[in-house]
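**Q** Residue numbers (this note's numbering): 40 to 138.
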Amino acid sequence: MNDNKTISETQAHENPLLAMTVEPTEDSELKSFLVQYTGTKLENEEVTVHMIAEVLAAEFPEFVFAFAEENFLRGYKLGLDDAENIFREQAKSTDESTG
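#1: Within 10 Å of its beta-carbon, does residue 64 have 16 or more other beta-carbons around it, so buried, or fewer, so exposed?
#2: What's the call for residue 45, buried or exposed, on a 16-neighbour Cβ count within 10 Å?
#3: What's the call for residue 125, buried or exposed, on a 16-neighbour Cβ count within 10 Å?
#4: Name the residue from 61, 66, 51, 67 whose alpha carbon lies nearest to the alpha carbon of residue 78.
#5: The alpha helix (DSSP H) with residue 100 in it runs from where to where?
#6: Is the separation between the beta-carbon of residue 95 and that of residue 102 shorter than 8 angstroms?
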């Protein structure tokens with residue numbers, strides 16, 4: 040019997056961190072404010088990370104866009120670096136096997 044678990048594409052792209060409930064804390068005034076503001080804005084006592092992200096996107100799109108753009112560019116650069124390193128390793132192994 041095959042023990043591999045298959046998941047859908049939707050499940051593969053879900054981030055469980057977004058569903059986490061966030062509690063205000065005394066050590067972070069900003070976090071407490073965001074939780075309170077989001078809860079009030081969405082009329083919900085249980086606030087998740089996703090809810091905060093949605094409120095920030097609606098209320099402060101410039102910040103969310105800049106943050107997302109920076110994250111995308113860093114990820115893209117990392118992917119290019121990885122591809123370049125793979126190419127170098129393949130070229131090196133080819134040179135060693137032929138030389």
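No residue lacks a Cβ here, since even glycine has one placed at the ideal position from N, Cα and C.
These numbers come from a predicted model, not from an experiment.
**A** Put simply:
#1: Reading the sequence shown from its first residue, position 25 is the one you call residue 64. So residue 64 ends up on the exposed side.
#2: Position 6 of the sequence shown holds residue 45. Classification for residue 45: exposed.
#3: Here residue 125 refers to the residue found at position 86 when the sequence shown is read from its first residue. So residue 125 counts as exposed.
#4: Mapped onto the sequence shown, residue 78 falls at position 39. The option with the nearest alpha carbon to residue 78 is 61.
#5: Within the sequence shown, numbered from 1, the residue matching residue 100 stands at position 61. Here the alpha helix (DSSP H) through residue 100 covers 100 to 137.
#6: Working through the sequence shown from its first residue, we reach residue 95 at position 56. Working through the sequence shown from its first residue, we reach residue 102 at position 63. Yes, the Cβ-Cβ distance between residue 95 and residue 102 is below 8 angstroms.
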